[in-house]
Amino acid sequence: MGLKRLADRLKVDPKKLKKQEMPCFTELMRFFGALKKVGYDADKCQAEKVALQEAINEMDTRKGHKDTINYHLQRIAKDMGIRR
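Just so we're aligned, residue 18 is where the sequence shown starts under my numbering, counting upward by one.
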């Protein structure tokens, strides 16, 4: 099998990979639930509001984005001299 054919097969469909849990989703749902329970008065659900804000702040401190597997496969193919 030639390297070009190998490079053509080195593709991964990211949709088929297990999706990561959405960040802050749990805190957001708890906040919405608490809002509904107290008649949509945000002042009465401070604990949930603080937890959501902390989760959002933690998400902001993450470094950059994670490169996809296809990006790494393309770099490997480039380093090996494989062209499409």
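Backbone N, C-alpha and C define an ideal beta-carbon position, used for all residues, glycine too. Keep in mind it's a predicted model, so treat the numbers as computed, not measured.
Beta-carbon proximity check, residue i vs residue j, cutoff 8 Å
{"i": "Lys-66", "j": "Phe-42", "result": "no"}
Own chain residues within Cβ distance below 7 Å of residue i, not counting five before or after
{"i": "Leu-52", "result": "Ala-59 and Cys-62"}
{"i": "Ile-73", "result": "Cys-41"}
{"i": "Val-55", "result": "Lys-61 and Cys-62"}
Proximal residues to residue i (C-beta, below 8 Å), its chain only, five neighbours per side dropped
{"i": "Leu-69", "result": "Cys-41, Glu-44, Leu-45, Arg-47 and Phe-48"}
{"i": "Met-76", "result": "Pro-40 and Cys-41"}
Own chain residues within Cβ distance below 6 Å of residue i, not counting five before or after
{"i": "Gln-91", "result": "none"}
{"i": "Ala-64", "result": "none"}
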